[in-house]
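*Asks:*
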């Protein structure tokens, strides 16, 4: 997900700007899921909750593995992969080798970064490691030199949506090792258990201030702000937080800063803290820097002492120049906060609802330039891509996988223009089974509903408001919520609308 700023405004001004999304392409679907993620994460962070990205540890065990050794039992090792959309595999980690066991419980726990908005497919392969390789570190083992014992696949969301976060899959021979007649059908079972790392839930709240900052302005005092960055493996730094700008102030006290250990890496990672004098031109003047870890900052708080800023070596002076200005920590609080997965594990659900725009502004469905064009080759149109992109993410968080689906702005056969009709053609119920059900109902509706108009949202909103009066993002408060995606032709071009209606008690 990249770095995130606790102050999205970043000093005085926001960073970035609008994007030109082009027209009818896969970008619509990608941006749809991305904006859903950003909306939920923004709501949660504003209220002090963790975001929708979590660091997980995967515990693995197996039972009834095949015995591939003659004089002893197999020596199994598991390898965890992330299966990408193009079918390629990214190795995430390996367990240790368990000697002489057909029911191994591995201790090594590969780490996985969970992203709510991405369908993450896992592939776990189990190997019998030959005795001659036991002294070699597992990370350097050549897998083609080991005996394959079986593999299992799952989607990460399948595990995290279970109350106990445990999933068992039968091991199979897999496509890479499919040799008919060489194996029996019993390869054993693989059990996967996920837990969030403790550090991923830790949050640090700090209040920092400075004293005796150098005045960089001529006609007024400096306008300082702080930028905090964490180190990268290549030696550089990436920003994780900015404070607000304090106007005309050489002894500023900033608003509380909130950082998670996901952002900083650990309590002991050295952080670069830089103080700048804000300039409207964007060329901010460096007023000094300090390199301290969160543990160091906690010590400053405990001792109530300050740390001097320095200016890095330059042509003017060969060594770092120690400045009179100092940094103080007036508050340092470490707490553990609930994550998105805590709420999912507790029984919260996300329910997916769809309303599709059947107004004439979408273009003639028989022509390739229409948003509703059904390509004979099977290539999805913009609506189909959006439905599958969003639905494939959300369906794991809905236990019954029954999704209400409506259309609006169309004229059903032998009827007037309707601003809210059931996509499946039923007069009594709107629910369909799964994402496939939505896709089938949509294709059927295109054959039986004429595009009309205009685009009106009132009927959908009033219908849904009888069930929901609360934003989807209130999943933190209520047990089960509903999400309505209104797929409108004009919105597909910029994709800025997410209709979230709240639930009636």
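In this note's numbering, the protein residues as written are -11 to 493.
Think of the CB as a built atom: it goes at the ideal place given N, C-alpha and C, for glycine as much as any other residue.
List the whole-angstrom C-beta distance separating residue 370 from residue 429, where the pair is believed to meet the contact cut-off of C-beta under 8 Å.
*Replies:* No, residue 370 and residue 429 are not in contact; Cβ-Cβ is about 17 Å, not under 8 Å.
*Asks:* Measure the C-alpha to C-alpha separation of residue 287 and residue 103 and round it to an integer number of angstroms.
*Replies:* When rounded, the distance between both Cα atoms is 34 Å.
*Asks:* Ends of the beta strand (DSSP E) at residue 77?
*Replies:* 77 to 82 is the extent of the beta strand (DSSP E) around residue 77.
*Asks:* Report the three-state DSSP secondary structure of residue 33 (helix, strand or coil).
*Replies:* Confidence at residue 33 is low in this model, with a pLDDT of 47, below 50, so the placement of that residue is unreliable and no value is reported for it.
*Asks:* Provide the residue(s) that pair with residue 265 in DSSP beta bridges, ordered along the chain.
*Replies:* According to DSSP, residue 265 bridges with 212 and 273.
*Asks:* Might you give, ordered along the chain, the residues of its own chain that have their beta carbon closer than 6 Å to the beta carbon of residue 382, omitting 5 neighbours on each side?
*Replies:* Excluding positions up to five away in sequence, the list reads 338 and 340.
*Asks:* Could you tell me how far apart the beta carbons of residue 94 and residue 100 are, in whole angstroms, since I believe they sit closer than 8 Å?
*Replies:* Residue 94 to residue 100, Cβ: 15 Å. No contact.
*Asks:* Of all the CB atoms in chain D, is at least one closer than 8 Å to the CB of residue 362?
*Replies:* Chain labels in this structure do not include chain D; a single protein chain is all it has.
*Asks:* To the nearest whole angstrom, what separates the beta carbons of residue 275 and residue 313, a pair I think is in contact under 8 Å?
*Replies:* Indeed, because the Cβ distance is near 7 Å, the residues count as touching under 8 Å.
*Asks:* Can you list, in chain order, the residues of its chain whose CB lies under 7 Å from that of residue 220, leaving out five sequence neighbours each side?
*Replies:* The residues are 226.
*Asks:* Terminal residues of the continuous alpha helix (DSSP H) containing residue 494?
*Replies:* The structure shown has nothing for residue 494, since the chain only spans -11 to 493.
*Asks:* May I ask you to report which of helix, strand or coil DSSP gives residue 484?
*Replies:* Note that residue 484 scores a pLDDT of 38, beneath 50, so its modelled location is shaky and nothing firm can be said.
*Asks:* Per DSSP, what kind of secondary structure is residue 301 in: helix, strand or coil?
*Replies:* In the structure shown, residue 301 sits in coil (DSSP, three-state: anything other than H, G, I, E or B).
*Asks:* Should residue 149 be labelled buried (16 or more other beta-carbon atoms within 10 Å of its own) or exposed?
*Replies:* The residue in question, residue 149, is buried, as its Cβ has 16 or more Cβ neighbours within 10 Å.
*Asks:* For residue 389, which three-state DSSP category applies?
*Replies:* In the structure shown, residue 389 sits in coil (DSSP, three-state: anything other than H, G, I, E or B).
*Asks:* Let me make sure I understand the geometry here. Which of 389, 360, 433 and 387 has the alpha-carbon closest to that of residue 408?
*Replies:* When each option's Cα is compared against that of residue 408, the closest is 433.
*Asks:* Report the rounded CA-to-CA distance for residue 251 versus residue 404, giving the unit in angstroms.
*Replies:* In a straight line, the C-alpha of residue 251 is about 55 Å away from that of residue 404.
*Asks:* Between which two residues does the beta strand (DSSP E) harbouring residue 345 extend?
*Replies:* First-last of the beta strand (DSSP E) with residue 345: 337 to 345.
*Asks:* Based on DSSP bridge pairs, tell me the residues matched to residue 497.
*Replies:* Missing from the structure shown is residue 497; the chain here goes from -11 to 493 and no further.
*Asks:* Assuming residue 84 and residue 183 are in contact, meaning their beta carbons sit under 8 Å apart, how far apart are those beta carbons, in whole angstroms?
*Replies:* Incorrect: roughly 18 Å between the Cβ atoms, too far for contact.
*Asks:* With a threshold of 8 Å, are at least 3 pairs of Cβ atoms found where one atom belongs to the segment 64 to 72 and the other to the segment 101 to 121?
*Replies:* Touching, yes, given that three or more Cβ pairs across the two stretches are closer than 8 Å.
*Asks:* For residue 236 and residue 300, I'd like the C-alpha separation in whole angstroms.
*Replies:* Distance between the alpha carbons of residue 236 and residue 300: 25 Å.
*Asks:* How many Å lie between residue 425 and residue 75 at the Cα?
*Replies:* For residue 425 and residue 75, the distance between alpha carbons rounds to 26 Å.
*Asks:* Using a threshold of 8 Å, state whether the C-beta atoms of residue 109 and residue 138 are closer than that.
*Replies:* In this structure, residue 138 does not lie closer than 8 Å to residue 109 by Cβ.
*Asks:* Classify residue 239 as helix, strand or coil using the three-state DSSP reduction.
*Replies:* Reduced to three states, the DSSP call for residue 239 is coil.
*Asks:* Applying the 10 Å Cβ sphere with the 16-neighbour rule, what's the burial state of residue 88?
*Replies:* Classification for residue 88: exposed.
*Asks:* Is residue 150 helix, strand or coil by DSSP?
*Replies:* Residue state, collapsed to three classes: coil.
*Asks:* Going by the beta-carbon positions, is the gap between residue 229 and residue 212 smaller than 8 Å?
*Replies:* In this structure, residue 212 does not lie closer than 8 Å to residue 229 by Cβ.
*Asks:* Per the DSSP calculation, residue 65 is bridged to which residue(s)?
*Replies:* According to DSSP, residue 65 bridges with 115.
*Asks:* Looking only at its chain, what residues have a beta carbon closer than 6 Å to the beta carbon of residue 278, apart from the 5 residues adjacent to it on each side?
*Replies:* 261, 295, 297 and 315, listed in sequence order.
*Asks:* Report yes if the CB atom of residue 61 is closer than 8 Å to the CB atom of residue 80, and no otherwise.
*Replies:* The answer is no: Cβ separation not under 8 Å.
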